[in-house]
Every structure is written in C-alpha cells, then in structure tokens.
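Residue numbers (the working numbering): 70 to 171. Input: a single structure, listed below in structure tokens.
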Amino acid sequence: MEEEHVVDKVACRRHPTTRGPRLERPPFRSELGERIQREVCARCWRDWLKHQTLLINHFGLHPRDRDAREFLYGQIRAVLFGDGEVAEIDTSRQGTIGPPRP
Ligand SMILES: [Zn+2]
Numbered sequence: 070m071e072e073e074h075v076v077d078k079v080a081c082r083r084h085p086t087t088r089g090p091r092l093e094r095p096p097f098r099s100e101l102g103e104r105i106q107r108e109v110c111a112r113c114w115r116d117w118l119k120h121q122t123l124l125i126n127h128f129g130l131h132p133r134d135r136d137a138r139e140f141l142y143g144q145i146r147a148v149l150f151g152d153g154e155v156a157e158i159d160t161s162r163q164g165t166i167g168p169p170r171p
C-alpha cells in the first residue's frame, strides 16, 4: 500500500468509491475553499473551472464584481456539493443575460 503515501488522495464527493488526487492547497481562502480541498479531488476541481468559464461567458459575469463572485460561490455549492439550485446554461443567449437574481 506504499502508493497511498506517494500521492495524497481525497475521498471525492462526486465519486465516493474511487479516491482522487488532492488539491495542493484550497483554491481560495475561505471555509468554502477549505471544504473544496477536503471533499473534492483536483480532477473534479479542474472540471468545475471549465464549467465556471462557461458560466462567466454565458451570464456575461465580471469575476471582480461582488454579485458575480457570490453567484459563482453559490454555483460551487450547488454543483459540487448538491446544495442549492444549479443554473441552466442556454448557449444561444451567451453573454446577453445577467446572473440570476434570488
Ligand atoms: Zn473527484
């Protein structure tokens, strides 16, 4: 079982039966960032980042904008942790609509 010590692995929420590579550090400094490092593997985090790019383009988000960041954090919770409503992406309307309001 030497292999387990070479690569740090995490029991990823998205595929609980197979462990995935652990992120080297939380993707951002917050409780949510630490939870991601604890519960999501590096591969699923990369998948999320691709999805996030789609969301940013689709909703015409400015990631420096506070509302946009809150929306994206909400989507991380919804998509990765099943906590909240996942926003639909309608690619025909790319960049023409703002983030959904609560
Ligand atoms: Zn994973």
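Heads up, the beta-carbon is just placed ideally off N, CA and C, and yes, glycines get one too.
Q: Have a look at ASP77 and LYS119 and give me their C-alpha separation to the nearest angstrom.
A: The alpha-carbon atoms of ASP77 and LYS119 are separated by roughly 23 Å.
Q. Sorted by chain position, which residues of the same chain lie with C-beta nearer than 8 Å to ARG94's C-beta, five sequence neighbours on each side aside?
A. So the qualifying residues of the chain are GLN106.
Q: Please confirm if the stretch 98-115 is in contact with the stretch 128-138, defined as three or more CB-CB distances below 8 Å between the two stretches.
A: Segments in contact, no.
Q. On the premise that HIS127 lies in contact with ILE158, defined as a C-beta separation below 8 Å, what is that separation, rounded to the nearest angstrom?
A. The beta carbons of ILE158 and HIS127 sit about 5 Å from each other, so the pair counts as a contact at 8 Å.
Q.
Nearer than 7 Å: is that true of the beta carbon of HIS84 relative to any heavy atom of ligand 1?
A. Relative to ligand 1, HIS84 has its C-beta within less than 7 Å of a heavy atom.
Q. Among LEU101, CYS113, GLU100, PHE97, which residue has its Cα nearest to the Cα of ARG91?
A. The residue with the shortest Cα to Cα distance from ARG91 is CYS113.
Q: Just tell me which of TYR142, VAL155, VAL148 has its CA closest to the CA of ARG98.
A: When the alpha-carbon of ARG98 is set against those of TYR142, VAL155, VAL148, the nearest one is in TYR142.
Q: Could you tell me if the beta carbon of ALA94 falls within a distance shorter than 7 Å of some heavy atom in ligand 1?
A: First, the residue type needs correcting, since residue 94 is Arg and not Ala in the sequence shown. Checking the Cβ of ARG94 against ligand 1 gives no.
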